[in-house]
Amino acid sequence: MTGILSAYKQVMKIFLIGFMGSGKTHWGRLLSQKLNIPFFDLDEQVVSHEGKSIAEIFAESGEEHFRLLEKDVMHIIAESHDSFVMACGGGTPCYFNNIEYMNQSGTTVWINTAIDTLFYRLMGEKEKRPLIKDLTDEQLRGFIGKKYADRKIYYEQADVVIDEEPVRLDFLIEKIFHA
Ligand code: S3P
Numbered sequence: 293m294t295g296i297l298s299a300y301k302q303v304m305k306i307f308l309i310g311f312m313g314s315g316k317t318h319w320g321r322l323l324s325q326k327l328n329i330p331f332f333d334l335d336e337q338v339v340s341h342e343g344k345s346i347a348e349i350f351a352e353s354g355e356e357h358f359r360l361l362e363k364d365v366m367h368i369i370a371e372s373h374d375s376f377v378m379a380c381g382g383g384t385p386c387y388f389n390n391i392e393y394m395n396q397s398g399t400t401v402w403i404n405t406a407i408d409t410l411f412y413r414l415m416g417e418k419e420k421r422p423l424i425k426d427l428t429d430e431q432l433r434g435f436i437g438k439k440y441a442d443r444k445i446y447y448e449q450a451d452v453v454i455d456e457e458p459v460r461l462d463f464l465i466e467k468i469f470h471a
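Printed below as a string of structure tokens:
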């Protein structure tokens with residue numbers, strides 16, 4: 293590990309945010325390995341906390357309940373660890389005061405993937421995501437455009453914005469350390 297990485301290691305709370313399909317889990321895992329700090333996938337943590345899949349939580353208790361759980365689990369992780377990389381859900385920064393909380397607790401990073409890329413990725417990954425699982429491909433395109441427009445005001449409050457495609461790990465790290 294380089295000097296700069298080890299110097300910051302003690303106090304690094306990194307929250308990856310962005311639309312479904314933007315690669316938060318993939319890049320979060322790689323980033324945490326590179327920085328040698330724990331990785332948390334917020335969706336996975338909610339699932340293990342509840343003992344139910346995201347689809348089951350939505351179906352049995354509704355989205356509002358999911359949003360409360362998502363916030364609570366995010367707080368529990370953030371308050372019980374000094375350093376981590378967390379891959380948030382696509383909606384996490386858009387509810388309650390989550391984005392302010394994350395900005396105050398650590399560094400937020402928005403992976404701002406192009407809408408066309410999101411569409412091609414999500415077309416093949418609808419099933420596990422309750423918000424899109426019943427949409428036709430045509431409807432999915434419209435949904436992404438509208439939801440992205442609604443959520444942008446939250447995403448753009450991130451400390452670091454990654455617009456480059458494809459994302460590169462070295463560049464991601466450099467931007468985070470210069471935030
Ligand atoms: C959601 C995104 C999902 C998951 C849930 C709701 C959203 O996470 O939290 O299905 O509101 O955008 P990913 O972004 O990891 O797919």
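The numbering of the sequence shown is this note's numbering, which starts it at 293 and goes up by one. Glycine is no exception: its CB is placed at the ideal position from the N, C-alpha and C atoms. Please read these numbers as outputs of a predicted model, since none were measured by experiment.
May I ask which residues mark the beginning and end of the alpha helix (DSSP H) holding residue i?
{"i": "T409", "result": "I407 to M415"}
{"i": "D335", "result": "L334 to E342"}
{"i": "K444", "result": "D429 to Y447"}
{"i": "K467", "result": "L461 to F469"}
Does the Cβ of residue i have 16 or more other Cβ atoms within 10 Å, making it buried, or fewer, making it exposed?
{"i": "N328", "result": "exposed"}
{"i": "E419", "result": "exposed"}
{"i": "V338", "result": "buried"}
{"i": "I306", "result": "buried"}
I believe residue i touches residue j by the beta-carbon criterion, under 8 Å. Please report the beta-carbon distance rounded to the nearest angstrom.
{"i": "I468", "j": "V401", "result": "6 Å"}
{"i": "A370", "j": "S397", "result": "5 Å"}
{"i": "F311", "j": "G382", "result": "5 Å"}
{"i": "A379", "j": "T428", "result": "In fact, because the Cβ distance is near 28 Å, the residues do not count as touching under 8 Å."}
So residue i is in the beta strand (DSSP E); what residue range does that whole segment cover?
{"i": "I369", "result": "That residue, I369, is in no beta strand (DSSP E); its alpha helix (DSSP H) goes E355 to S372."}
{"i": "F376", "result": "F376 to A379"}
Do you know how far the Cα of residue j is from the Cα of residue i?
{"i": "E456", "j": "G313", "result": "15 Å"}
{"i": "E352", "j": "F358", "result": "10 Å"}
{"i": "F388", "j": "I309", "result": "15 Å"}
{"i": "F463", "j": "L423", "result": "32 Å"}
{"i": "T399", "j": "I391", "result": "10 Å"}
{"i": "D374", "j": "I403", "result": "23 Å"}
By Cβ distance below 6 Å, which residues in the same chain neighbour residue i in space, the five residues on each side in sequence not counted?
{"i": "L323", "result": "V377"}
{"i": "A471", "result": "T399, D451 and V452"}
Looking only at its own chain, which residues have a Cβ that is under 7 Å from the Cβ of residue i, when we skip the five neighbours before and after it?
{"i": "E342", "result": "I349 and L361"}
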